[in-house]
Amino acid sequence: MKTGGRVDASRLSRWRAQAAAVIARSDELRGESDAELLRRGRELRWQAKTQPRLADLLIETFALVREAARRHLGFQHFAVQIQGGIALFEGHVAEMQTGEGKTLTATLPATLRGLTGRGCHIVTVNDYLAHRDAETMGPIYERLGLSVGCIQTPMQTEERRQAYAKDITYGTSKEIGFDFLRDRLRTGADASSGYRRRNGGGEAPVQRGHYFALIDEADSILIDEARTPLIIGLTQPNTAATVNLLRWSQRASTRLERDVEFVFEPDRRMAYLTDRGCRKVLLMAKPSLLDCIDAERMYKHVEQALSSRYGFQRDRDYVVVEDKIVIVDESTGRQMDGRKWQDGLHQAVEAKELVPITAATGQAARVTVQTYFRQYEHVCGMTGTAVQARRELHATYAISVSPIPTNRPCIRTGAPPRIFATLEHKRRAVVQEVARMHAAGRAVLVGTPSVDASEALGRALEGCAIAHEILNARWHEKEAEIVARAGEAFAVTIATNMAGRGTDIQLEERVRAAGGLHVIATEMHSSARIDRQLVGRAARQGDPGSYQFFLSLEDELLRCLKPEKLARLRSQARPNAEGELSLQWLRLFRRTQRFLEKMHRKERKHLLRHERQRSDAHNHMGLDPFLELTD
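Numbering (my numbering), first residue to last: 285 to 915.
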């Protein structure tokens with residue numbers, strides 16, 4: 285049916301023919317009144333509930349949505365967006381390039397599935413995008429008689445129940461997933477599931493089922509976020525001895541010798557004490573409060589302290605906000621409010637940063653992203669970067685990837701990567717390139733891997749008197765506002781990996797004339813898909829644009845290598861007077877990236893296998909697989 289990520293010719297031909305039929309029918313509806321449009325929508329709703337094949341209503345429904353969009357927004361779906369809508373309705377992940385209008389495309393299958401009245405969930409990556417999309421696209425659905433809701437973090441239980449009762453509900457994967465877990469805790473287990481009730485209070489769930497999920501930025505949610513399960517914790521109050529142990533473990537970790545008394549694995553970001561290290565920990569002076577702590581527990585906390593010290597870096601993996609540790613999503617650069625590392629790691633980081641130590645949490649309920657989205661009868665998604673993950677998406681979710689053609693030919697150009705021996709030499713070259721593009725009147729977007737890197741580059745640009753804006757996890761609430769200005773002449777925007785996903789960069793006409801947006805990637809990410817997402821910000825909808833990678837042997841990507849190997853590679857480097865190396869070094873970066881991609885795939889596979897084993901064990905005992913065994 286499909287090879288190498290290409291849709292087979294017969295299916296693409298059918299989608300083109302259906303798109304042409306939708307456009308022709310939509311044009312016929314232009315003379316209809318708003319009341320007639322609403323009447324037709326209600327008639328389709330009745331048909332959707334009384335006839336078995338929803339696909340038979342596709343042409344008429346999509347045509348109505350296209351006409352409703354024209355009246356509400358002043359523009360309508362292109363043929364390729366309709367093809368994308370058909371792909372989504374048929375259960376595919378539609379790969380649509382940045383700027384091709386995925387938000388508008390989603391209205392087509394959402395309306396068609398929404399006609400059944402069984403509830404549609406449109407899943408986005410953050411609260412802002414969920415609210416924006418619901419507000420912008422809501423009137424399109426309402427013109428056809430459908431209701432729209434939106435889940436936001438501060439909402440109370442009854443508000444959430446009302447939002448899920450709508451025909452179409454927007455929300456983030458985190459909020460929708462946690463609502464699912466809270467429902468399991470509320471009811472103990474669904475009465476129809478056959479599981480024995482545990483602590484069930486009989487309160488009605490907020491969600492009314494799992495019929496259809498349309499996932500925006502599907503690769504980010506289904507792949508990148510899938511390494512971390514959603515967990516609702518049970519607070520385990522801190523004792524004075526526990527707090528003392530955490531503080532003491534951090535101090536102890538500074539007195540241990542690497543590769544002698546402990547081993548640190550950079551690729552897994554985990555530390556282990558050797559026999560010699562265990563003996564040293566036991567012999568160290570300790571506060572009297574620790575007399576009641578057994579040796580195994582002590583070793584575990586020292587190992588977590590070592591992991592937090594060597595594997596987790598401030599302003600890269602987390603930020604400190606009002607004396608709280610907030611995790612930064614590795615693939616997007618966004619803050620992950622409410623998330624915590626497990627097994628005492630979060631508390632170890634708090635001890636390292638000398639902030640108040642929060643209570644550790646046990647597990648009351650948990651679900652992996654993979655398991656949760658497989659609850660739905662119909663799942664589909666859209667993103668600009670899915671082809672590279674097509675095998676994993678098919679193996680895990682039984683979803684095919686279908687690339688959708690662009691509305692206009694892409695004229696993006698790429699310059700050869702530049703590689704440097706040190707971070708300092710690379711930073712100078714980036715600043716020079718930004719200054720060159722700035723002088724030419726281009727808009728420049730610079731992608732950085734971390735908060736710290738974005739701010740260091742910002743300081744370097746300040747030294748050259750180049751005005752710029754920084755978009756990172758500290759300024760996430762201004763994300764859309766900053767990205768909206770990124771296409772102006774002489775605009776320089778420094779962004780972490782999120783790069784304003786979900787918000788279009790509109791180019792001023794003089795920027796377009798000067799060559800469009802220029803993207804500078806200051807590192808390769810641990811996944812080639814994230815690199816594609818950043819590069820995809822340039823040259824949207826036929827606009828001109830360009831990109832270039834700047835790399836160094838001190839980049840974060842290479843930190844997964846063993847220190848001795850990295851030191852040997854750096855000693856072999858023979859840079860020129862500007863610190864630049866030959867392009868032959870590019871192989872090292874690509875090899876390391878492939879290694880990390882493979883390791884992360886294994887982690888997700890292992891997590892899914894563990895979840896299945898856990899689920900089988902719970903099912904065998906007649907217990908809810910999403911709730912913990914302990915009462």
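Ideal Cβ positions, reconstructed from N, Cα and C, are used throughout, including at glycine.
Check the DSSP bridge columns for residue i and list the partner residues they point to.
{"i": "H405", "result": "T453 and A497"}
{"i": "P423", "result": "Looking at the DSSP assignment, P423 forms no beta bridge with any residue, so it has no partner."}
{"i": "E320", "result": "Partner(s): none; E320 has no beta bridge."}
{"i": "I609", "result": "V604"}
{"i": "F704", "result": "S836 and E864"}
{"i": "Y583", "result": "DSSP lists no partner for Y583."}
{"i": "P393", "result": "Paired residues: none, contrary to the question."}
{"i": "F548", "result": "A555"}
{"i": "I754", "result": "I778"}
{"i": "Y831", "result": "G698 and V803"}
{"i": "H722", "result": "Paired residues: none, contrary to the question."}
{"i": "V728", "result": "V776 and H802"}
Kindly indicate which residue of the options has the alpha-carbon position closest to the one of residue i.
{"i": "Q825", "options": "Y594, D788 and L880", "result": "D788"}
{"i": "S537", "options": "N528, V565, T526 and R560", "result": "V565"}
{"i": "L801", "options": "L850, F774 and A744", "result": "F774"}
{"i": "Q626", "options": "I611, G455 and Q868", "result": "I611"}
{"i": "Y873", "options": "R702, T408, H904 and F546", "result": "Checking the sequence shown, residue 873 turns out to be Phe, not Tyr. Of R702, T408, H904 and F546, the residue nearest in Cα terms is R702."}
{"i": "A524", "options": "T642, T680 and Y412", "result": "T642"}
{"i": "L629", "options": "D601, V605, E606 and S591", "result": "S591"}
{"i": "R397", "options": "K386, T732 and Y425", "result": "Y425"}
{"i": "F834", "options": "A705, I460 and M905", "result": "A705"}
{"i": "I452", "options": "E501, V527, V603 and F496", "result": "F496"}
{"i": "C844", "options": "C576, A449, D340 and F548", "result": "F548"}
{"i": "R692", "options": "R898, V730 and T382", "result": "T382"}
{"i": "A670", "options": "A699, D500, L567 and G829", "result": "D500"}
{"i": "L430", "options": "A740, D839, R329 and Q716", "result": "R329"}
{"i": "G698", "options": "E351, D815 and L321", "result": "D815"}
{"i": "L907", "options": "R468, E881 and E676", "result": "R468"}
{"i": "D508", "options": "P828, E895 and H809", "result": "H809"}
Would residue i pass as a contact of residue j if the rule is Cβ separation under 8 Å?
{"i": "F462", "j": "L388", "result": "no"}
{"i": "I505", "j": "S457", "result": "yes"}
{"i": "T635", "j": "S738", "result": "In the sequence under discussion, the amino acid at residue 635 is Ala, which differs from the Thr named in the question. No, the Cβ-Cβ distance between A635 and S738 is not below 8 Å."}
{"i": "G668", "j": "G771", "result": "no"}
{"i": "I683", "j": "V377", "result": "yes"}
{"i": "A798", "j": "R726", "result": "yes"}
{"i": "F910", "j": "L465", "result": "yes"}
{"i": "G385", "j": "A502", "result": "no"}
{"i": "V349", "j": "T395", "result": "yes"}
{"i": "V639", "j": "V604", "result": "yes"}
{"i": "G331", "j": "L341", "result": "Note on residue identity: the sequence assigns Gln, not Gly, to residue 331. Contact: yes."}
{"i": "R492", "j": "A447", "result": "no"}
{"i": "L745", "j": "A779", "result": "no"}
{"i": "G742", "j": "A805", "result": "no"}
Give the secondary structure of residue i by DSSP, where H, G and I count as helix, E and B as strand, and everything else as coil.
{"i": "R542", "result": "strand"}
{"i": "I366", "result": "helix"}
{"i": "K846", "result": "coil"}
{"i": "G385", "result": "coil"}
{"i": "T667", "result": "strand"}
{"i": "L430", "result": "coil"}
{"i": "A569", "result": "coil"}
{"i": "T777", "result": "strand"}
{"i": "R492", "result": "coil"}
{"i": "S734", "result": "coil"}
{"i": "Y656", "result": "helix"}
{"i": "S810", "result": "coil"}
{"i": "L975", "result": "Not covered by the structure: residue 975. The range shown for the chain is 285 to 915."}
{"i": "R696", "result": "strand"}
{"i": "G628", "result": "coil"}
{"i": "Y378", "result": "In the sequence as displayed, the identity of residue 378 is Ala instead of Tyr. DSSP places A378 in strand when its eight states are reduced to three."}
{"i": "R298", "result": "helix"}
{"i": "H678", "result": "helix"}
{"i": "R480", "result": "At R480 the pLDDT is 43, less than 50, meaning the model places this residue with poor confidence; the figure from the coordinates comes in the next sentence. R480 falls in the coil class under three-state DSSP."}
{"i": "A857", "result": "coil"}
{"i": "R623", "result": "coil"}
{"i": "Q672", "result": "helix"}
State the CB to CB distance for the pair residue i and residue j, rounded to an integer number of angstroms; the pair is presumed to be in contact (CB under 8 Å).
{"i": "Q360", "j": "A303", "result": "In fact, because the Cβ distance is near 12 Å, the residues do not count as touching under 8 Å."}
{"i": "R411", "j": "Q436", "result": "A small correction: the amino acid at residue 411 is Asp; Arg does not occupy that position in the sequence shown. At roughly 5 Å, the Cβ-Cβ gap stays under 8 Å, so D411 and Q436 are in contact."}
{"i": "V803", "j": "Y831", "result": "4 Å"}
{"i": "S686", "j": "A293", "result": "13 Å between Cβ atoms; not a contact."}
{"i": "E895", "j": "T655", "result": "5 Å"}
{"i": "L891", "j": "R650", "result": "Incorrect: roughly 11 Å between the Cβ atoms, too far for contact."}
Is the beta carbon of residue i within less than 7 Å of some heavy atom of the ligand SAH?
{"i": "D311", "result": "Among the ligands in the structure shown, none appear at all, so the ligand SAH cannot be discussed."}
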